[in-house]
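**Student:**
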């Protein structure tokens, strides 16, 4: 036992630098300098371009990246990326003094923001153009109301409620899907939002960005202060008026203009 | 045997990122399914948060990520990320019909956009707060005019010139550094920009974002059409008026508000 304790102590003291260097010299393979496979490197750059909006109006996951997107959205990196976004959002939210007038608002998108449709997208191997191409299949899935919560969005949602924010859910889903959307959100663990805004029949001609910006303008017009906005699409976040801070939740599966 | 098992367990729990990755590669050698070590995973999420502006006004590379930032900016992923940004920018630029009035403009930032100061930042191990803290050391480095080109920015710069764009260089460097900055840009391979805008003594009180937005407003006021804007800081890109498309070049080393 003494030997084990000594080893433990040594690991805690030395592990960050000395041991790793020594062992790395032995194995001559440190995992960081090692060249990544070209596909993996390219696809990580592609994913970064999507998340930063450098990719602009993209239409399809590059063929050579479909497996990597699948691995990503089913793996731990997606969850960790989402966690870090949620933590940044919470840290910012805590700096805001929430007034008692009920006008301090945080906006959430729904699909791939509050709830995950990965089960649905998995059917086609994540590889088709966008959900727009498969609208009827997506609507059927949406009506089933089976999408689970994205855990770190649910975490942030509850933290924001605890801080006193009024939560506005703003989705491109159609007004005709209100019941199934509410049912899905509730069964995923979301409660007590201030309002759920869906797209009505007169708004179907607008892009998501135009539609969502116009809804934010209505909120601002009514005196709401939009402190934060969480969405997986840049079209959830950009366009006048913008929230004071916007939080881009990862989504390498599809793009909505 | 029990001791060996415990040692193995300790390795997986305590050894830093590189070792566990190496060991996992030995056992799985897959590259995709392999779980990443927690530090690497967190630091990739942190870098994504920086690049998407989710991190907001950050001040310091997290201590546990300094080695990874060093590996990144000296490695192939940074180059590939920069290449993919440049390719997206070029693809967009090619869609624009450039008029003969000389008013079609693309803006480039200078530091960590056109030229790389990694040699300077390497001195302090990439770990200090920001270049603002080390302003005199940075100015000394800048006066030496030794910063090399970022190769994919130079590639884009030449492509845009070939397409007929007028190139505006907009930097937070001081007007007093004009000569050394020009000298550095030319020795790095940059030629024939339309104008190089530096910060004059009356503009030192502004944030980079305020200063750069005001300069874009002046350009728009003179009738220039700002089609693209390439910068490594969100403060190069945000604020009214924005370019029609903005391209965020990676920089996990420092943040300028």
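Chains as they are written, first to last, in the numbering used here: chain A, 1 to 257; chain B, 1001 to 1257.
The C-beta atom is built at its ideal place from N, Cα and C for all residues, glycine as well.
Model, not experiment: these values are computed from the prediction.
1. Just checking: is the beta-carbon of residue 77 of chain A within a distance shorter than 7 angstroms of some beta-carbon in chain B?
2. Residues of the stretch 77-99 of chain A with a CB closer than 8 angstroms to any CB of chain B: list them in chain order, please.
3. Compare the C-beta of residue 1032 of chain B with all C-beta atoms of chain A and state if any pair is closer than 7 angstroms.
4. Helix, strand or coil for residue 58 of chain A per DSSP?
5. Quick one: what does DSSP say residue 1149 of chain B is sitting in, helix, strand or coil?
6. Residue 1253 of chain B CB to nearest chain A CB: under 7 angstroms?
7. The stretch 1138-1168 of chain B: which residues have C-beta closer than 8 angstroms to a C-beta of chain A, in chain order?
8. Which value, in whole angstroms, describes the spacing of the CA atoms of residue 1044 of chain B and residue 1195 of chain B?
9. Three or more beta-carbon pairs under 8 angstroms between the stretch 48-66 of chain A and the stretch 209-222 of chain A, yes or no?
10. Who are the near neighbours of residue 1101 of chain B in its chain, counting only those whose CB is closer than 7 angstroms to its CB and skipping five residues on each side?
11. When the distance is taken between beta carbons, is residue 108 of chain A closer than 7 angstroms to residue 235 of chain A?
12. Below 9 angstroms on C-beta distance, what does residue 1056 of chain B contact in chain A?
13. Would residue 1048 of chain B pass as an interface residue toward chain A - the criterion being a Cβ-Cβ separation below 7 angstroms?
14. Is DSSP giving residue 1165 of chain B helix, strand or coil here?
15. For residue 1042 of chain B, which residues in chain A fall below 8 angstroms Cβ to Cβ?
16. Answer with buried or exposed for residue 205 of chain A, where buried requires no fewer than 16 other C-beta atoms within 10 angstroms of its C-beta.
17. Consult DSSP for residue 1248 of chain B and reduce its assignment to one of helix, strand or coil.
18. Please list, in chain order, the chain E residues whose beta carbon lies closer than 7 angstroms to that of residue 1113 of chain B.
19. Quick one: does the C-beta of residue 72 of chain A sit closer than 6 angstroms to a heavy atom of the ligand COA?
20. Residue 1252 of chain B and residue 1050 of chain B - do their beta-carbons sit closer together than 7 angstroms?
21. Interface residues of chain A around residue 1248 of chain B at Cβ under 8 angstroms?
22. I'd like to know if the stretch 1134-1152 of chain B and the stretch 1082-1089 of chain B are in contact, where contact means that at least 3 CB-CB pairs between them fall below 8 angstroms.
23. When you check each C-beta in the stretch 1228-1243 of chain B against every C-beta of chain A, which residues fall closer than 9 angstroms?
24. Who are the neighbours of residue 1201 of chain B on chain A, taking C-beta pairs under 8 angstroms?
25. Along the chain, where does the alpha helix (DSSP H) that runs through residue 73 of chain A open and close?
26. Which residues in the same chain as residue 1125 of chain B place their Cβ atom closer than 8 angstroms to its Cβ, once the five residues preceding and following it in sequence are excluded?
27. Distance check for residue 184 of chain A and residue 1018 of chain B, CA to CA, integer angstroms please.
28. Between residue 1116 of chain B and chain A, is the shortest Cβ-Cβ distance under 7 angstroms, so that the two count as touching?
29. In the structure shown, what three-state DSSP assignment does residue 1221 of chain B receive?
30. If residue 112 of chain A sits next to residue 232 of chain A, beta carbons under 8 angstroms apart, how far is it from one beta carbon to the other, in whole angstroms?
31. Ends of the beta strand (DSSP E) at residue 104 of chain A?
**Tutor:** According to the structure shown:
1. yes
2. 77, 80, 81, 83, 84, 85, 88, 89 and 92
3. In this predicted model, residue 1032 of chain B has a pLDDT of only 46, less than 50, meaning its place in the structure is not dependable enough to derive any value.
4. coil
5. strand
6. no
7. none
8. 37 angstroms
9. no
10. none
11. no
12. 88, 91, 92 and 245
13. yes
14. coil
15. 80 and 84
16. exposed
17. strand
18. No chain E is present in this structure, whose protein chains are A and B.
19. With respect to the ligand COA, the structure offers nothing, as it holds no ligand at all.
20. yes
21. 52, 53 and 54
22. yes
23. none
24. Those do not exist, as residue 1201 of chain B stays about 31 angstroms from chain A at its closest Cβ, beyond 8 angstroms.
25. 66-73
26. 1066 and 1070
27. Per-residue confidence for residue 1018 of chain B stands at a pLDDT of 37, beneath the threshold of 50, marking its modelled position as unreliable; no derived number is given.
28. no
29. helix
30. 4 angstroms
31. 104-108
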